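A.B. asks: There's a structure below that I have some questions on.
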Amino acid sequence: MLFAGAPSPVSTELLAGDLAALLGTGVDVVDLARAGLELRGRVAGSGRHLHSADEVARVRFEVDARMRWIEFRPVLEETTRSFLARVAREGLR
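Under my numbering, think of the first position of the sequence shown as 375, with each following residue one higher.
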């Protein structure tokens, strides 16, 4: 979720509980403004938009998150490939 301000951990947990009760399934609530780049990019790129109280802020977030993820993703993929190749050669130490 993209909150207007910084939510407290208690309010985030209460919201997750309320949503889980309504939906009948477990729910994770994440403050996207504080989430890592990969999660923000994936949510902006393939997440489902359910509600927006501030369309300008939502669009601004999505454009920023997508652009940063597009720039960073190749770096992350190359780093992951290099790490896995090293582990395959040398094992974990």
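Note that the Cβ used here is the ideal one computed from N, Cα and C, for glycine as well. Source: prediction; values computed, not measured.
1. Would you kindly work out how many angstroms separate the C-alpha atoms of A439 and A380, rounded to a whole number?
2. Can you tell which of D402, V404, M375, L413 has its C-alpha closest to the C-alpha of L450?
3. Our contact map puts L393 next to V401 with C-beta atoms below 8 Å; I'd like the distance itself, whole angstroms only.
4. Give a yes or no on whether the C-beta atoms belonging to A407 and L376 are separated by under 8 Å.
C.D. replies: Judging by the given coordinates:
1. Taking the first residue of the sequence shown as 1, we reach residue 439 at position 65. Taking the first residue of the sequence shown as 1, we reach residue 380 at position 6. Taking the straight line from one Cα to the other gives about 18 Å.
2. Against the sequence shown, residue 450 aligns to sequence position 76. Considering only alpha carbons, the answer is L413.
3. The residue you call residue 393 lines up with position 19 of the sequence shown. The residue you call residue 401 lines up with position 27 of the sequence shown. Between V401 and L393 the Cβ distance is about 4 Å, and since that is below 8 Å, they are a contact.
4. Position 33 of the sequence shown, counted from the start, is the residue given in the question as residue 407. Position 2 of the sequence shown, counted from the start, is the residue given in the question as residue 376. Yes, the pair counts as a contact, with Cβ atoms nearer than the cut-off.
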